[in-house]
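Just below is one structure, and these are the notes that go with it.
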Ligand code: PMP
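This is the structure:
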């Protein structure tokens, strides 16, 4: 019994009950541990789907180059798929992403171009603009554009959603996930709400991001945009993959609260997970404390693994420098 390549190991991740960090909260709180994917993140699911769909549409041909702007995790999924299928990869990344993420992508053969964080998305130096420019210049290249590519949410509609429905035997009442491109929560939420429209989906956002205000007022407020440290969630754009009708409410979580909860997950639950997992759990539990009933089952998606943050939130010295310890 073996898989033909590592890409076939994507999906079917375990779901685990929280036992300590949810102390005092009614109902059952489960986490879907996405670091069990071969690239150690939830983004493997959509990476392989974007490539599959591009191949089918004739957008990606043998020997082609995949170019993407990525906070690291999508890049890993794309790089693993590229190895299995014989493509080259060039990734643009903002300089706030952890050094570990850059090194991991280089380790799996990708070329990484680091771009400044503190420029607007349409600035020619931004990682979005550089990815587009390279795509225009390099022949036989494909720019998946995870923000607007429907294959992203579709991957979660086809895999993450059905897995959660089966693993909870249809008992899920609340879904909680961080929102970056929106693919995870919207694809998963769409499937689950089709099974049971009463399921509530809670999107976790960061301070410095536009989502929460946009959901509540319909206003894209540039004053909401400022730099923050949490990696992978919150945006200064409205990606097409964020379908606001599929997210019932947003909760914002600070960088510090997210970091502290991430460390607590490692120490108290044995879940050595990434920073946005702390955001997701902190925000979801804030909601659960007030709204969850004894019979409810909440599922929180934990996107990635702790190794990517060893130099930051798992480093006591770094935490002290932030004033967080
Ligand atoms: N957490 C991390 C660490 C991520 O890399 C991402 C992807 N940007 C997310 C959360 C959010 O997932 P999505 O893009 O599907 O909204």
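In the UniProt record's numbering, the protein residues as written are 1 to 325.
Just so it is clear, CB atoms sit at the ideal spot from N, CA and C, and this is done for glycine as well.
- When secondary structure is reduced to three states using DSSP, residue 199 falls in the coil class, being assigned neither helix nor strand.
- A residue is called buried when at least 16 other Cβ atoms come within 10 angstroms of its Cβ; residue 144 meets this threshold and is buried.
- Between ligand 1 and the CB of residue 303, the shortest heavy atom gap is smaller than 6 Å.
- Look at residue 272 here: in three-state DSSP terms it is coil, with no helix or strand label.
- Taking 6 Å as the cut-off, one finds at least one heavy atom of ligand 1 near enough to the beta carbon of residue 178.
- Between residue 168 and residue 200 the beta-carbon gap is near 14 Å, outside 8 Å, which marks them as no contact.
- Sorting 133, 55 and 97 by C-alpha distance to the C-alpha of residue 229 places 97 at the top.
- The beta carbon of residue 102 sits closer than 7 Å to the beta carbons of 93, 112 and 114 from its chain, once the five residues preceding and following it are set aside; these are given in chain order.
- Taking 7 Å as the cut-off, the Cβ atoms of residue 184 and residue 42 count as close.
- Cβ-Cβ separation between residue 204 and residue 274: approximately 13 Å, too far for a contact (criterion under 8 Å).
- DSSP places residue 21 outside any beta strand (DSSP E), giving it a letter other than H or E.
- Between residue 142 and residue 57, the C-beta gap is not smaller than 7 Å, which leaves the two residues out of contact.
- Here DSSP, grouped into helix, strand and coil, assigns residue 253 to strand.
- In this structure, residue 95 sits near residue 117, with a CB-CB distance shorter than 7 Å.
- The DSSP assignment places complete beta strand (DSSP E) segments of no fewer than 3 residues inside the stretch 263-312 at 297-302, in order along the chain.
- Counting C-beta pairs with one atom in each stretch, the stretch 150-160 and the stretch 120-131 have fewer than three that are closer than 8 Å, which means they do not touch.
- Within 6 Å of the C-beta of residue 233 there is at least one heavy atom belonging to ligand 1.
- DSSP links residue 185 through a beta bridge to no other residue.
- Measuring C-alpha to C-alpha distances from residue 39 to each of 33, 59 and 73 identifies 73 as the nearest.
- Taken atom to atom, the span from the alpha-carbon of residue 295 to that of residue 12 is near 25 Å.
- Residue 98 has its Cβ no nearer than 6 Å to any heavy atom of ligand 1.
- Secondary structure of residue 321 (DSSP, three-state): helix.
- Of the residues 7, 278, 215 and 219, the one whose Cα lies closest to the Cα of residue 246 is 215.
- 7 Å or more divides the Cβ of residue 16 from the Cβ of residue 29.
- Going by DSSP, residue 91 is part of the beta strand (DSSP E) stretching over 88-94.
- Secondary structure note for residue 161: its alpha helix (DSSP H) is the uninterrupted segment 161-167.
- In the structure shown, the three-state DSSP call for residue 205 is strand.
- The beta carbons of residue 266 and residue 272 sit closer together than 7 Å.
- Counted as a single uninterrupted DSSP element, the alpha helix (DSSP H) harbouring residue 54 occupies residues 43-56.
- Counting of Cβ neighbours within 10 angstroms places residue 62 among the exposed residues, the total staying below 16.
- In the DSSP annotation of this structure, residue 79 is not part of any beta strand (DSSP E); the continuous alpha helix (DSSP H) holding it starts and ends at 73-85.
- For residue 107, the closest C-alpha among the options 91, 236 and 269 is that of 91.
- Just so you know, the alpha carbons of residue 213 and residue 242 end up roughly 14 Å apart.
- The straight-line gap separating the alpha-carbon atoms of residue 321 and residue 308 is approximately 19 Å.
- Its chain contains 213 as the residues whose beta carbon lies nearer than 7 Å to that of residue 219, once the 5 sequence neighbours on both sides are disregarded; these appear in chain order.
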